[in-house]
Structures are given as C-alpha cells and as structure tokens.
Amino acid sequence: MHLPSVITDAVAALAAPLFPGAQQQPLSGSGSSSSSGDGSDGHPRSGIGAAIPGGSPFSLCAVSRPTDLLNITYMELFPQPVWLDDMFQVTTYGTVLESWEANGTTTLTLDCGSHCEEYGQPEEDWAGENFTVPGVCGWAIGDIQQPVGGPRKRNETCPPVAGPAVITSLGWVPWILIYAPAYYNFTIDAKTNDGRRIFCITTELCMRWEDPQKNEDQATGPWANCTWPR
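One point on numbering: in the UniProt record's numbering, the residue at position 20 of the sequence shown is 20, and numbering is uninterrupted.
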C-alpha cells in the first residue's frame, strides 16, 4: 500500500513532525525517496540505537554518532500516552557542539518497524515512506533556551550557538494521517545543507484514539491491540 499524494502533501505542510501515519492498515510501501532500509546511507529507516534517558520512548538512531552537531542526552515527552488528535510536548536536553547554517533538511520516515512481518507486509515494503522537507528550525526544532535558564531563542534566531541547550517542541497527532490503531516506527533525521548530521532520533509507538469506540470502528487485524508505548 502506498500513501496517496494528499497525505504526502499534508505531511510536508503540517507542523506535526513526529506522528504522521497510514491509511486503513499499518504503513508499507515506498515513499518519495526510498531507502535501502539498512541505515547504510544514514537516511530514514536507520534502525534503533541507544535509548535516550528521560522516560520518553525515543532512541538515537543506529547512524547517530557523538559527532552529531546536537548531542542529545535527555528527552521528556508529555503527556504519555500520546493519543491520536492530541497535542504533545517534547523537551530535549543536550549540547550543541557547533552551530550550523540556517535551513538544512529534515527527513521523516514512517514504517512498520519490528512488526512488518506480523502485519503481513512484503519485505520489499519494509523500508516504508520517507519525506524530506526544507528546514530544521521550526520543523524538527522548536524553541531553544540558551544559555540554560536564560531567555528562549525563537525560531527567527535559530540556529543555536555552541553550548548547552534546552529545546522545547510542540506537536500534534493528526488523526487524518493514521486511520488504523497499530504500532508505527517514526524516524527524524536532521542534516545541514552540506550533509552533516544535526541529530537523528527514532521511536516505535502504539498510536490509538483515547476513545475505545473509535479504535473499534477502524479496520481490524493483528495490529489492532497495540499498547503504549511499544
């Protein structure tokens, strides 16, 4: 199954970077720029690396390195669980190793994660869908607090300077992009204009409505009884 163009357009337009989704059943298919899926190119489906402390379900990607320009050490997600059609806030603590030029790119990848075989997706579709949008600040990065404890930099003054930083990002889970309750894998890979990695994070989550009746009204299958977070 492939995402229709109306959904790919919506993903590029919505300021909801973490949780787009699938139509009628868990995601499969190739997106606007497919990846081999093994993470060798440092692009979308890069695999799960070390868990990030803080009680959130986020992990670094397998391609993440200590040399990434934003060294993430702690992440908080509120509230938990995150429900479809609800707002959430991510607070990221880390160190900016060096600043980067404005713009850059953010690649968002959606796939069936560790549940592809269980969901009956053919192996050639496990790489999922990926979308690359221009910009890092305002898309993958929200308000930046530097120095820590000082005033926040708004998006107009992003990118940050070298040193400790607290980054607050707001997101929304648009129900129109996820029609079936299931486990979904999401990866955000932010890079500079010249290809240096700023950060890469990934997570596999159960996405459901808070109202049980809405979940029951959707397509059913082996994915229907997922539980937060994964």
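All C-beta atoms, glycine included, are put in the ideal place defined by N, C-alpha and C. Everything numeric in this text was worked out from a predicted model, so none of it was measured.
When the five nearest sequence neighbours on each side are left out, the beta carbons in the same chain lying within less than 8 Å of the beta carbon of Ile72 are those of Ile52, Leu60, Thr92, Tyr93, Gly94, Phe199 and Ile201, in order along the chain. Counting of Cβ neighbours within 10 angstroms places Ala162 among the exposed residues, the total staying below 16. Fully enclosed alpha helix (DSSP H) runs of no fewer than 4 residues are not present anywhere in the stretch 78 to 131.
Listed in chain order, the non-local C-beta contacts of Glu210 below 6 Å within the same chain comprise Trp83, local neighbours out to five positions each way being set aside. Distance from the CA of Gly221 to the CA of Arg208, rounded to the nearest whole angstrom, comes to 14 Å.
Judged by their CB atoms, Ser64 and Gly49 are nearer to each other than the 8 Å cut-off. Thr187 and Cys137 have their alpha carbons spaced roughly 17 Å apart. Counting the other Cβ atoms within 10 Å of the Cβ of Pro147 gives fewer than 16, which makes it exposed. Separation of Asn130 and Pro164 (C-alpha to C-alpha, rounded to the nearest whole angstrom) is 31 Å. In terms of Cβ geometry, Thr192 and Glu98 do not form a close pair [threshold 8 Å]. Rounded to whole angstroms, Thr168 and Arg152 show a C-alpha spacing of 10 Å.
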